[in-house]
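A quick write-up on the structure given underneath.
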Amino acid sequence: MNKKLVTMFCTLVCTFGIAFTTTSQVQAKVKYVLVKDSTGVLYRYDYNSLKVAYALDKALYTDYTSKLTSEGPLAYYDDVNNFYVATKDIKLAYITQSGDFSMDAYTSSSNAKSLDMVAPVKEVSVDSTGKIVVTDVGNNDDSQTFDIENTY
């Protein structure tokens, strides 16, 4: 049990370390963070809202961490290429790149690979009263279908 918690903690630290310490010189932005819970359901969170919730320890971040598995976030949605990029690909790019790394620049680059999806996605947000709202977004313009079994 302790090994699983340590692994999950390290994954969270690594992921948020990459996300919060990167600098961006381009207009591209990561729009969503995609997670798969222990039952295989996919949830997307607005990236900027999640960063604010993390800093303030709000309900959105608590909901996000409750759905994370030991693998951490599944992917990040890029608003330039309009597709999800697997976290494992972002981590590999971060490790292999020399110099400064920008997650936003990488996900919008030609080096980023689109994640092929086959499962519908639920969007998690917070309403004006601070309550969690889950909306089925299916496979609309900001969603894709992909093979979640071969992503990690």
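Quick note: to get the numbering used here, add 4 to the position in the sequence shown (first position is 1).
For each residue, glycine too, the CB sits at the ideal point set by N, CA and C.
Quick one: what's got a C-beta closer than 6 Å to residue i's C-beta in the same chain, skipping five residues either side?
{"i": "residue 83", "result": "33 and 35"}
{"i": "residue 139", "result": "127"}
{"i": "residue 57", "result": "64 and 65"}
{"i": "residue 71", "result": "39, 41 and 47"}
{"i": "residue 10", "result": "With a pLDDT of 45 at residue 10, under the threshold of 50, the modelled position of that residue is not reliable, and the figure given next carries that caveat. Counting only Cβ-Cβ distances below 6 Å, and skipping sequence neighbours, we find nothing."}
{"i": "residue 119", "result": "79, 88, 90 and 150"}
{"i": "residue 81", "result": "35, 36 and 88"}
Give the DSSP bridge partners of residue i, in chain order.
{"i": "residue 47", "result": "39 and 126"}
{"i": "residue 87", "result": "82"}
{"i": "residue 138", "result": "128"}
{"i": "residue 56", "result": "Answer by DSSP bridge pairing: none, since residue 56 is not bridged."}
Is the separation between the beta-carbon of residue i and that of residue j shorter than 7 Å?
{"i": "residue 90", "j": "residue 79", "result": "yes"}
{"i": "residue 99", "j": "residue 107", "result": "no"}
{"i": "residue 42", "j": "residue 73", "result": "yes"}
{"i": "residue 68", "j": "residue 49", "result": "yes"}
{"i": "residue 37", "j": "residue 54", "result": "yes"}
{"i": "residue 112", "j": "residue 85", "result": "yes"}
{"i": "residue 137", "j": "residue 131", "result": "yes"}
Considering only residues of the same chain and omitting the five flanking positions on each side of residue i, which have a CB-CB separation below 8 Å?
{"i": "residue 115", "result": "97"}
{"i": "residue 135", "result": "63"}
{"i": "residue 61", "result": "none"}
Determine the extent of the alpha helix (DSSP H) in which residue i is found, giving its start and end residues.
{"i": "residue 72", "result": "First-last for residue 72: undefined, no H or E at that position."}
{"i": "residue 109", "result": "107–111"}
Here's a check: name, in chain order, each residue in its chain whose Cβ is nearer than 7 Å to the Cβ of residue i, leaving out the five neighbours to either side.
{"i": "residue 110", "result": "94, 97 and 116"}
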